[in-house]
Amino acid sequence: MTTRAAKTTLKASTNAKKRTPSRSTSKAPPLTIAMPRGRILDEALVLFKRAGIDLGAAEKARAGRKLIIPIPEHDVRVLIVRDADVPAYVEHGAADLGIAGRDVLEEQDRDLYEPLDLGIGRCRLVVAEPEDRPVDEMAKVHLRYATKFPELTRRHLQARGIVAEIIKLYGSIEIAPLVGLADRVVDLVSSGETLRQHRLREVETILEVSARVCVGRAAAKLRSDRIDDLVARLRAVVDSG
Ligand code: PRP
24 MTTRAAKTTL KASTNAKKRT PSRSTSKAPP LTIAMPRGRI LDEALVLFKR AGIDLGAAEK
84 ARAGRKLIIP IPEHDVRVLI VRDADVPAYV EHGAADLGIA GRDVLEEQDR DLYEPLDLGI
144 GRCRLVVAEP EDRPVDEMAK VHLRYATKFP ELTRRHLQAR GIVAEIIKLY GSIEIAPLVG
204 LADRVVDLVS SGETLRQHRL REVETILEVS ARVCVGRAAA KLRSDRIDDL VARLRAVVDS
264 G
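If you want this note's numbering, it's the 1-based position in the sequence shown plus 23.
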């Protein structure tokens, strides 16, 4: 921010040659929040509204496929991004804070603060396998696990002492064991309907998941007043149930 302000001043004074530079009237940019599109967004908007920050315009703009949404009445700007991309925007300072699932945060393990668990977007990361083809972990066969979460899967397998190949996929994980791509899947379960429809059974839960506020290190220092205020308001709403 300082660098950008300094560059602007330099350019203005060069253009104006010998004119006396006027005092900068530049104001801090709006607080930028990276929100994941999809299920979490709807629940997050409800929480923010209860916290006195109506981001309803974000919902309307999303319907119109707008992805950068200014909310001037709250001096906020919302970025609508893929859930797995939220931590990158926040870590690199393109967003001051973000909302991301614990699954995504732990998978990427970036340098972020996580000041608040919002308790929304609840689901579980589980190991599952075909009901009629249970895996024998002790058998010396070449096991394959399909998942969107290779790092969490790797940690889980390592902790269990299971040697297996991890196949990274980007969606529709449940079909992998049905078509011979994998023996097991590691995937998110919410209602359990997708597992049921594909005749998969849960073997165990790896992680209880809900969405959290994440904050980058630079923003935590430079924008602490705004962020602390927002987190305090959201915390009050979360605590009140
Ligand atoms: C997620 C997850 C499961 C499903 C679980 O997929 O990967 O497939 O939801 O929900 P359920 O237990 O309520 O059935 P998502 O909808 O995000 O799509 P994807 O398969 O493309 O990842």
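All residues carry an ideal CB built from backbone N, CA and C; glycine is no exception.
Note that the C-beta distance between Arg207 and Val226 is below 9 Å. The count of Cβ pairs closer than 8 Å, one atom from the region 104 to 119 and one from the region 200 to 217, stays below three, leaving the stretches out of contact.
The C-beta of Gly79 has fewer than 16 other C-beta atoms within 10 Å across all chains shown, which makes the residue exposed.
The Cβ neighbour count for Val101, taken over all protein chains shown within 10 Å, is at least 16; the residue is labelled buried.
At a cut-off of 8 Å, the beta-carbon of Thr217 counts as near ligand 1: some heavy atom of the ligand is closer than that. At least one heavy atom of ligand 1 lies closer than 8 Å to the C-beta of Glu197. Leu90 is not a Cβ neighbour of Cys237, given a cutoff of 9 Å. Excluding residues up to 5 positions away in sequence, Ser233 and Val261 lie with their Cβ nearer than 6 Å to the Cβ of Gly142 in the same chain.
For the set Tyr193, Thr228 and His97, the Cα lying nearest the Cα of Pro53 is the one of His97. A straight-line Cα-Cα distance of about 19 Å links Arg125 and Ala151. Rounded to the nearest whole angstrom, the C-alpha separation of Ala182 and Gln220 is 30 Å. In its chain, beyond the 5 residues on either side, Gly144 have a beta carbon closer than 7 Å to the beta carbon of Arg62. Taken in chain order, the unbroken stretches of alpha helix (DSSP H) that lie wholly in the region 57 to 126 and span 4 residues or more are 62 to 73, 79 to 86 and 109 to 114.
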